[in-house]
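Visitor: Just so you know, we're using our numbering here: the sequence shown kicks off at 1 and counts up by one. Quick reminder that beta carbons are idealized off the backbone N, C-alpha and C, glycines included. None of the values given here were measured: they were computed from a predicted structure. I have a structure I would like to understand better, so I am pasting it below and will then ask my questions one at a time.
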Amino acid sequence: MEDSEIIELATDVLSKVTNLMNESLYSELDGELTTLWSMKNYFYACASVGSTVDEPPKHSITLSYETAVLLYRDIEVYSKYIETGIDNELFDQIFKDFEYPKTLSIHSDKELSIKQMFISGITWIFYHELGHLIQEHGYIRTQYNCHASTDIVDCASNDIENESVLSGKPSAVSHVTEMAADYYATVNCLVALLAHFKGDELEAETRSFTSSLALVLYRFHGINPYERTEIPKGTHPQPLIRLEQTMPLIFEFYSMIDLAKEKNFKLDRLDLVNITSWSSFTAGIFWLKRGGQKGIPEDFMISGSLQRPGMLEYHRVMLDIWDEIKPEIDKIKRHGNKYAELQFSEQYRKILR
Ligand SMILES: [Zn+2]
């Protein structure tokens, strides 16, 4: 596809999702959601608010055209990489008991498969921004002095847009609201997949969504080694932490529904665990190769939160700050859906205490 066709596809998809949100929610609130496109020549997404929390919401989501083009090209090159089987010897060793996919194509038409992966990836980015808006994270962040404006900027190269280096409580609030937006986005993408697909197609779409999500987060991460984080700093959690938080949501969320009966979905929880780790691992290796990096930097690959150095300490900070701000979010959020709101299970809370 030409760049212009990618942009056309992205604008078409997101204008449909925006219209749906306006019809189902914003019109009821007497407000409006708009999607805008920016000419910034890097990966950039932003959630902006033109209303106070007491007024009907005037929300907008801005994405750069370049975001769409970069994401599409990542998916295209990654799909080719998987099909060459060039690293299958390595994958054979790691995924011994799992018959991992040898192609990402769902259809005989390869371009159509890439387009569908792209749609799930760009929709996830959109829903991430929407999560910030629905829960009015901009307002919460100004209350905690994270930044002066209610705009929330997400971009691949943090140093371009985020000059101020946050620390302490403002940083914790910023990190946990990013996690909450990821949570919202992932659950809403899964709900959309369940609404549109069933059977084999749902299995294939779920699998390709996991790869798109991993590619988006590795693009944010780059090829740097993991930096041990016990105390949050800056505006965003490290993308590897975000990947480890979002992937398990896929099997946790699907486990709540009898998908075998309702959707003729044959993959069980273990299959989904394997698929999410395969997607994350292959996207990680692909990303290193794309960046010309030889060898695997320390802790670069997805692992369980409990294994990653410093994560328990970090999550204690996240849990405490989320418990502090969640009641405030509940007062001002534009829509409530407990399934799409960040939560820490009782079991995990016990481990952290
Ligand atoms: Zn964000």
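1. Cutting at 6 angstroms between CB atoms, please list the residues of its own chain near Y339, excluding the five before and the five after it.
2. Measuring only from the beta carbon, is L178 closer than 7 angstroms to any heavy atom that is part of ligand 1?
3. How close, in whole Å, do the beta carbons of S270 and P239 come, if the pair is a contact with beta carbons under 8 angstroms?
4. Hey, out of E76, R228 and S211, whose CA is closest to G310's CA?
5. Could I get the ranges of all uninterrupted alpha helix (DSSP H) runs contained in the segment 17-100, with 4 residues as the minimum, in chain order?
6. Quick test of your reading: L29 and P56, contact by CB under 8 angstroms. State the CB separation rounded to the nearest angstrom.
7. So what's C146 in DSSP terms, helix, strand or just coil?
8. Any idea what DSSP makes of V176, helix, strand or coil?
9. The alpha helix (DSSP H) spanning D154 covers which residue range?
10. According to DSSP, is N188 part of a helix, a strand, or is it coil?
11. Using DSSP with H/G/I as helix, E/B as strand and the rest coil, what is P239?
12. Are there any heavy atoms of ligand 1 lying less than 7 angstroms away from the beta-carbon of H221, as far as the coordinates show?
13. How do the segment 101-119 and the segment 76-86 stand: do at least 3 beta-carbon pairs fall below 8 angstroms, yes or no?
14. What does a CB cutoff of less than 8 angstroms around P225 pick up in its chain, not counting 5 residues either side in sequence?
15. Among Q343, K289, E99 and I75, whose alpha-carbon lies nearest the alpha-carbon of S212?
16. DSSP three-state call for I257: helix, strand or coil?
17. Tell me the DSSP secondary structure of G284 in three-state form.
18. Under 8 angstroms, do T177 and L193 count as touching if we go by C-beta distance?
19. Cβ of A181 within 7 angstroms of any heavy atom in ligand 2?
20. Go to H132, then tell me how far its alpha helix (DSSP H) extends in each direction, as first and last residue.
21. Say the cut is 7 angstroms; is the CB of H107 nearer than that to a heavy atom of ligand 1?
22. From the DSSP output, in three-state form, read off I274 for me.
23. Quick one: is the Cβ of I152 within less than 7 angstroms of any heavy atom of ligand 1?
24. So, does the segment 320-329 touch the segment 35-50, judging by three or more C-beta pairs under 8 angstroms?
25. I want to know whether the segment 3-20 touches the segment 60-69 - three or more CB-CB distances under 8 angstroms.
26. Just to confirm my understanding: we take N264, look at its own chain, exclude 5 residues before and 5 after, and list those with CB closer than 7 angstroms. What are they?
27. Give the single residue among C146, T67 and S38 whose Cα lies nearest to the Cα of I6.
28. Assign L90 to one of two classes, buried (16 or more other C-beta atoms within 10 Å of its C-beta) or exposed (fewer than that).
Guide: A quick look at the data gives this:
1. Cβ neighbours of Y339 within its own chain (closer than 6 angstroms, five residues either side excluded): V187.
2. Checking the sequence, you will find Glu at residue 178 rather than Leu. Correct: E178 has its Cβ closer than 7 angstroms to ligand 1.
3. Inspection of the sequence shows that residue 270 is occupied by Leu rather than by Ser. With 8 angstroms as the limit, L270 and P239 do not qualify as a contact, their Cβ atoms being about 26 angstroms apart.
4. Taking G310 as reference, the option from E76, R228 and S211 with the minimal CA-CA separation is R228.
5. Entirely contained in the segment 17-100, the alpha helix (DSSP H) runs reaching 4 residues are, in chain order, 65-84 and 88-94.
6. Indeed they touch by this definition, with Cβ atoms about 5 angstroms apart.
7. Looking at C146 - three-state DSSP - the assignment turns out to be coil, as it is neither helix nor strand.
8. In this structure, DSSP gives V176 a helical state, which the three-state scheme calls helix.
9. Per DSSP, D154 belongs to no alpha helix (DSSP H); it is in the beta strand (DSSP E), I152 to C155.
10. Here DSSP, grouped into helix, strand and coil, assigns N188 to helix.
11. Annotated three-state conformation of P239 is helix, per DSSP.
12. Incorrect: H221 has no Cβ contact closer than 7 angstroms to ligand 1.
13. Enough Cβ pairs lie closer than 8 angstroms, so yes.
14. Closer than 8 angstroms at Cβ, skipping near neighbours: P297, E298, D299 and F300.
15. Among Q343, K289, E99 and I75, the Cα nearest to that of S212 belongs to I75.
16. Coil.
17. DSSP places G284 in helix when its eight states are reduced to three.
18. The Cβ atoms of T177 and L193 lie no closer than 8 angstroms to each other.
19. Among the ligands present in this structure, namely ligand 1, ligand 2 is not found.
20. That run of the alpha helix (DSSP H) goes K110 to I134.
21. In this structure, H107 has its CB at a distance of at least 7 angstroms from all heavy atoms of ligand 1.
22. Sequence inspection shows Asn at residue 274; the Ile mentioned does not correspond to that position. Helix.
23. Yes, the beta carbon of I152 sits closer than 7 angstroms to at least one heavy atom of ligand 1.
24. With a cut-off of 8 angstroms, the segment 35-50 and the segment 320-329 do not count as touching, because too few Cβ pairs lie within range.
25. Yes, they touch.
26. K198 and G199, listed in sequence order.
27. Among C146, T67 and S38, the Cα nearest to that of I6 is on T67.
28. It counts as exposed.
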